[in-house]
Amino acid sequence: MFFSYLKIAFRNLLKYKGYSLINILGLAIGLACTIVILAFIQNELSVDNFFQKRKNIAQAYLKATKDENTNFQATVSPYIGPMLKNEYPEVIDAVRLYSLQEVAFRANDKLLLEANGVAADANILNIFTCPLLRGDAETALQSPHSIVLTQSMAEKYFADSDPLGQTIRVEDKYNFQVTGVIADFPSNSFRTFDYLVPIEFLEELGLDIIGRPYFPCSYLTFVLLQEKTSLEQLNAKVSERMLAEGTEITFDIELIPFTDVYFFETGGTMRLTIMGLIAMMILVLACVNFINLATARHMVRAKEIGIRKVTGATRRLIAMQFMGESMLLTFLAAIIGVIAAQQFLPTFNSMTSRITTIQLGDPVFTLGLLGLVVLTGFLAGLYPSLYLSTTQPISVMKKQLQQPGKATFRKALIVFQFTLSIAFILCTLVISRQTFFLQNFNLGVNKDNLLYIQMEGDIRNHFNAVKTELLNHPNISYVSAGSSLPTTIRSGSYFQWGVKDEISRRLCTVFTNYDYPETFGLELVEGRYFSQDFPQDAQESILVNEAAIRKIGLESPVGKPFYYSDRDYNLIGIVKDFHHNQLLSHPPEPLAFLPSPANNDFLFVKIDPRITDTATITSTVHDIQSICQSFSPARPLRYQFYNDFSYQGERLQQVIRHLFLISTILAIFISCLGLFGLATFTNEQKTKQVGIRKVLGASVPDILGILTRDITKWILLANFLAWPIAWFAMRMWLQNFAYRVSLSWWLFVLAGFMSLAIALLTVSFQAIKAATAHPVKALRYE
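Our numbering puts the first residue of the sequence shown at 676, with every later residue one more than the last.
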């Protein structure tokens, strides 16, 4: 019986090639989209799953509360880890990690900058259970100058030779001996590193590894907990202890499960929910196509069904036959879908900056995929099989198969398809408009032709000489230094500033050198910038932005004392507000500029903005490299153009835009596939009617109007249904931005015209073909 149904299914597939192709293509696209997104979701949900003790690990966060606002910071004082281990029996062990970036390594005639290192307590390999390929986990980090490398890093420096016992020269100053090699982290890892050194090494760099309760807050701290520990109860005890030692600002320590850390720091699972909904909607559109075409073409299969029923076939057997055909088409579509998903995956990975793989060898993924295919085939074939199996033999003879209710259902499905497609179009238009708006928004900062370079070693020690040498170059306009780029100043603190009124307010601070505002084109509202003509500026002067003045309500403040960090400074100028949070999630906050060479981490070089040709800019950059490396030959130089800088949040917006753009294209394509197939069948059914109308004098435009009239009504109805859905969704999304585009009426009208034009173009070929056919051929039809 099964093979009989399979044979019939193959025959029908080959007999009706066009409709089979439309169904398979639609389902393949839907399944490919779903497979990619489900693989991405599985990848995200399994981040850091390779750590065996992950369920018993928690990370300590600094929790700062001001009024009703709470902020979390991932780094805490080095005091916290040992305190938790020593004072709470629930804590088995604790480990502290300090990030090491842009460190110069020399080994085997290779000199490279390594940006992803960690100084950690010696027990890190026991808590995080990183597979150690070479060496002993118990002793690997016992010596202050021992180092553990990942496998790829060991191969990079030592190729095929044994790395154990080899020496790596660090910063041309320290000799480290390789004592271990660990396996590379999987691609879906959040907390990763390329090398480990003992935390005691930080003392040689002059860093504090003991600390006080809330200073210095620069260490990631993880604790290993007893089985079945209640984090809620433990956090309550820690909070009671830490609040007792807190400062005048309300600080606290909160432990967050390690399994929740990734989503806690990357904005939660909302993006996965959105992607899952998109995949589901695309797949539903493909299933709707199948249902529409299968039920619309019931007349073609009517005689076959009637004969089967007359010869004894039951409704159940006929339903099983059509369900089998649905399953066959779905499995064929799944094969194509998997191939298409594999081909699209590199583009998707590039778009999301993630490494997602389709793991067909993973039993969980494979069984999930098989379940998805079966469910898709079942849902796509359920209604058509039930509907077609109800056909009565007598109805076939009387040609009374068409039931108004069934036609209405098909129309509703078409309207549903285009409602989703139009909603996708509108969302894509709004998201693209908002993204372009933010990209072109005037931040108040000039980024053009500006390089920033990490200042380390001799470049920092000889900054004034480096600056003088660079300014001698004819193509360089300004050189300065500072603690951060103007649009990355986000780490504000609550304390008393401006006036002595015992009120703590939030203030962001950037430490700068001379010429910082001029280098970035910051506009001066009143007063002056820092200047070497005023030696007292280095110790006594301060600049603030307009938001700071508004916050404390000072009038004519320039030249007056400005209270900051327990002392009075001389306020010498006010800088026009600029957006130092480039994501534009809120307006500019109060900001202070302080001259402090000790805190200048970046060198900023402004190439003459009049220079626009690539060759000259490239040559100038090469000269900048040569000048900097003449002062620090032991360190490779890394630089980046300011215009190339982007936040993770900005990249996420681009991902959302691309995702909606691709989803819109797929939704429209699938909807148009179904509409094309339905229009083809409908026009076939109306062939005789068209012939009679032409004989009676109807023109080609008249015929086209008749054939496209219903489509036009359906698309207009779909627009009116899609508009409020898209308006509500986009209104909620735009609330995340302090500066946003408006939901203009013309966006909705544009989406309406686009959807109508696409639909009419889809059916126009078949409509024109039917309208221009010879009436004699039409009258001979059937």
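Positions of the beta carbon are idealized from the N, C-alpha and C atoms, including for glycine.
Ignoring anything shorter than 3 residues or poking outside the stretch 1183-1268, list the beta strand (DSSP E) runs there in chain order.
-> For the stretch 1183-1268, the full-length beta strand (DSSP E) segments reaching 3 residues or more read 1199-1202, 1216-1220, 1236-1239, 1242-1250 along the chain.
Alpha carbon of D1176 to alpha carbon of Y937, nearest angstrom | 41 Å
Consult DSSP for K1281 and reduce its assignment to one of helix, strand or coil.
-> Here K1281 carries a strand assignment [DSSP, helix/strand/coil].
Could you round the C-beta distance between Y894 and P753 to whole angstroms and report it? I think they count as a contact, below 8 Å.
-> Between P753 and Y894 the Cβ distance is about 5 Å, and since that is below 8 Å, they are a contact.
What's the gap between the Cα of M955 and the Cα of V856?
-> Rounded to whole angstroms, M955 to V856 spans 44 Å at the Cα level.
Between F890 and V1049, what straight-line distance do the alpha-carbon atoms span, to the nearest angstrom?
-> Their Cα atoms are separated by approximately 57 Å.
Pull up the DSSP beta-bridge partners for A994, would you.
-> Note: A994 sits in no beta bridge, so no partner.
Should G840 go down as buried or exposed, given a rule of 16 or more other Cβ atoms within 10 Å for buried?
-> exposed
If we call anything under 9 Å between Cβ atoms a contact, is I1134 one with Y1204?
-> No.
Please state if the CB of L816 and the CB of I802 are separated by a distance shorter than 9 Å.
-> Taking 9 Å as the Cβ cut-off, I802 and L816 do not qualify as a contacting pair.
When we look at the beta-carbon of K730 and count the other beta-carbons within 10 Å, is it buried (16 or more) or exposed?
-> exposed
Applying the criterion that 16 or more other CB atoms from any shown protein chain within 10 Å of the CB defines a buried residue, is P1136 buried or exposed?
-> For the record, residue 1136 in the displayed sequence is Asn; it is not Pro. Label assigned to N1136: exposed.
How long is the line joining the alpha carbons of I1086 and W1389, rounded to whole angstroms?
-> The question names Ile, but residue 1086 in the sequence shown is Lys. If I take the Cα positions, the gap works out to 7 Å.
DSSP state of L1118 mapped onto helix, strand, coil | coil
Can you tell me the Cα-Cα spacing of D1190 and Y1153, whole angstroms?
-> 7 Å
Using the C-alpha atoms, what's the distance from L1396 back to A1426?
-> C-alpha separation (whole angstroms): 13 Å.
Can you tell me where the beta strand (DSSP E) with V770 in it begins and where it stops?
-> 766-775
Return the chain-ordered list of same chain residues with a C-beta closer than 8 Å to the C-beta of T1318, the five sequence neighbours on each side being excluded.
-> According to the sequence as given, residue 1318 is Asn; it is not Thr. The answer, listed in chain order, is K1122, D1123, L1125.
Enclosing alpha helix (DSSP H) for A812 [first to last residue] | It is not in any alpha helix (DSSP H) - A812 carries neither H nor E in the DSSP assignment.
Contact between the stretch 1248-1256 and the stretch 1291-1309 (3+ Cβ pairs under 8 Å) = no
Could you tell me whether the stretch 926-942 touches the stretch 1020-1040, using the rule of 3 or more Cβ pairs below 8 Å?
-> no
Sort V913, A779, S821, L900 by Cα distance to K728 and report the nearest one.
-> L900
Indicate whether Q1109 and V1416 have their beta-carbon atoms separated by less than 9 Å.
-> yes
G921 by DSSP, collapsed to three states: which one?
-> Residue placement at G921 is flagged as unreliable, the pLDDT there being 47, under the threshold of 50; the coordinate-derived value follows with that caveat. It is coil, neither helix nor strand.
Do the stretch 1333-1352 and the stretch 1094-1103 make contact, defined as three or more Cβ pairs closer than 8 Å?
-> yes
Report all residues from its chain with a CB closer than 6 Å to the CB of F1279; omit the five preceding and five following residues, and keep chain order.
-> Y1127, S1155, T1194
Less than 8 Å between the CB atoms is what I'm expecting for V770 and F897, so what's the real figure, rounded?
-> The Cβ separation is near 5 Å, so the contact holds.
Nearest-angstrom Cα distance between F1403 and L1418?
-> 10 Å
Assumed close pair V872, A794 - CB separation to whole angstroms, cut-off 8 Å | That belief holds up - the Cβ atoms of V872 and A794 are roughly 5 Å apart, short of 8 Å.
Go through its chain and collect everything with a Cβ distance to K692's Cβ below 8 Å, but skip five positions before and after it.
-> none
CB A1055 to CB S1001, shorter than 9 Å?
-> yes
Own chain residues within Cβ distance below 6 Å of V913, not counting five before or after = I928
Could you pull the start and end residues of the beta strand (DSSP E) that A779 belongs to?
-> In the DSSP annotation of this structure, the continuous segment of the beta strand (DSSP E) that includes A779 starts and ends at 778-782.
Less than 9 Å separating the beta-carbons of Y736 and L906?
-> no
Distance, L772 Cα to T867 Cα | Distance between the alpha carbons of T867 and L772 is about 11 Å.
What are the start and end residues of the beta strand (DSSP E) that includes L855?
-> The sequence as given places Gly at residue 855; Leu does not occur at that position. Per DSSP, G855 belongs to the beta strand (DSSP E) from 849-857.
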